[in-house]
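Using this note's numbering, read the sequence shown as starting at 20 and increasing by one per residue. Here a beta-carbon is modelled for each residue, glycine too, at the ideal position from N, C-alpha and C.
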Amino acid sequence: MDSPNSLTTVRAEPFNAEAPLTALQAPITATSLHFVRGNFALPDHDGRLTIGGAIANPFTLTLDDLCEMPRKELVVTLECAGNARLGQMPLPVGEPWTGNAVSTARWAGVLLSEVLEKAEPSADGVAVSFEGADHGPYHEHTDIHFARSLSLEHALDPAAEILIAYAMNGEPLNADHGAPFRLVVPRWYAVASVKWLARIDVLTAPFEGTFQTARYIYEWPDRPIQPVTLMRPRAKITAPAHGVTLRRGSYTLRGKAWSGSGPVTNVDVCLTGEGDWRAAELEPPAGPYQWQEWSFVWDLRDPGRHTVRARATDAAGNVQPESPNWNRLGYGNNAVELIYVQVQ
Ligand SMILES: Nc1nc2c(c(=O)[nH]1)N[C@H]1C(S)=C(S)[C@@H](COP(=O)(O)O)O[C@H]1N2
Ligand SMILES: [Mo]
């Protein structure tokens, strides 16, 4: 059941849970209601972050060391690449997220670019891998760590504002969200934001880890494989909830919209089930990496069942598709969301 005050468990062990819809109405999601996704059991972290690989200056950092560096705060919307997997048919393997594996938090930490600069990456570096302290059996592997990579260029770019975050909504990171520190990669699907960060290594060849090359990739039926990178545009309807009964009169539909190639420039709603799209009010972004609020005043005159759809378009011209772009592992389903309500 969707309770307004608790997460909805998608899997108990390891703990994976979606935000309740009501929690997504606020600009910032309460930490206790921010979705949680993990591939392994919560790890023990020894409190050290080791920077190694193809660098001139290897070192380790503790939380205290990070806290002494210039502090950077960013509000970032994170969405799981598997969000709305349940909308794909046939249902791909993986957690069956309905559509609330998305949340927004105020993260504080240090810029990854500053840490990497101190390490002095070698001239032939091409990628940077990020390893979490979490590990365990995974498919054919007996024991592997969660690890992901970014290009060295992206990791070193101060304008990309990638954080090594140690605080979330003004509190130290909790265990579920990656204590003592994690990566937060703005604009990318949240898989890039490695939790329980333990190692950062500069590599002279592309990273081939399982979570980079065998998972979190789009395996299209008709096109070459692509990596999962930027969040695709999506509009969520946060009020009303699917299936509720509303009285006749004026009702303000509300929601959120975001895109990794954003900002979102238009949200359109459709109240007929057909292609009659009408522009919603869309708030300008309150920051570069966070969702935007949208609303639409709906004059409810006719009793009966009504459908509501909302569709986002971003500044790069990307529009949500009407139906899911199916891929074998079920990532990036940003098909237009549909709810229906009963009018009395
Ligand atoms: N170490 C580690 N980091 C991880 C993961 C993981 O399993 N292990 N899962 C990733 C995925 S798939 C998502 S969607 C986000 C979820 O972040 P959250 O739990 O803070 O919402 O963490 C990412 N970082
Ligand atoms: Mo994810």
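> Would DSSP call Q361 helix, strand or coil?
Replying inline: Per DSSP, reduced to three states, the secondary structure at Q361 is strand.
>> Let me make sure I understand the geometry here. Which of W277, L348, S314, S168 has the alpha-carbon closest to that of Y237?
In response: Comparing Cα positions, the closest option is L348.
> Apart from the five residues just before and just after Q231, which ones in its own chain have a Cβ nearer than 7 Å to its Cβ?
Replying inline: Answer for Q231: R167, S168, listed in chain order.
> Any residues whose CB sits closer than 6 Å to a heavy atom of ligand 2? List them in chain order?
Replying inline: Per the Cβ criterion, the list is R56, C99, A100, G101, A209, V210.
> For the stretch 123 to 132 against the stretch 80 to 98, are there 3 or more C-beta pairs whose distance is under 8 Å?
Replying inline: At 8 Å Cβ cutoff, the stretches touch.
>> Quick test of the definition: if touching needs 3 or more C-beta pairs under 8 Å, does the stretch 202 to 221 touch the stretch 318 to 333?
In response: Contact between the stretch 202 to 221 and the stretch 318 to 333 is absent: fewer than 3 CB-CB pairs across the two stretches fall below 8 Å.
> When you compare only the Cα positions, how much space is there between M20 and S269?
Replying inline: Confidence is the limiting factor: at M20 the pLDDT is only 48, short of 50, which leaves the residue's position unreliable and the question unanswerable from this model.
> In angstroms, rounded to a whole number, what distance separates the CA positions of P39 and D195?
Replying inline: Their backbone Cα atoms lie some 17 Å apart in a straight line.
> Per DSSP, what kind of secondary structure is N35 in: helix, strand or coil?
Replying inline: In the three-state DSSP reduction, N35 falls in the strand class (E or B).
> Does DSSP put K214 in a helix, a strand or coil?
Replying inline: In the three-state reduction of the DSSP assignment, K214 falls in the coil class.
> For A184 versus R201, is the C-beta distance shorter than 8 Å?
Replying inline: In this structure, A184 places its C-beta atom within 8 Å of the C-beta atom of R201.
> So what's A49 in DSSP terms, helix, strand or just coil?
Replying inline: Look at A49 here: in three-state DSSP terms it is coil, with no helix or strand label.
> What first and last residue would you give for the alpha helix (DSSP H) that runs through E150?
Replying inline: Per DSSP, E150 belongs to no alpha helix (DSSP H); it is in the beta strand (DSSP E), 146 to 157.
> Nearest CA to the CA of H173: which residue from V203, G189, E190, G274?
Replying inline: Among V203, G189, E190, G274, the Cα nearest to that of H173 belongs to V203.
> In angstroms, rounded to a whole number, what distance separates the CA positions of C99 and Y208?
Replying inline: Distance between the alpha carbons of C99 and Y208 is about 6 Å.
>> Rounded to the nearest angstrom, what separates E300 and F315 at their Cα positions?
In response: Between E300 and F315, the C-alpha separation is close to 6 Å.
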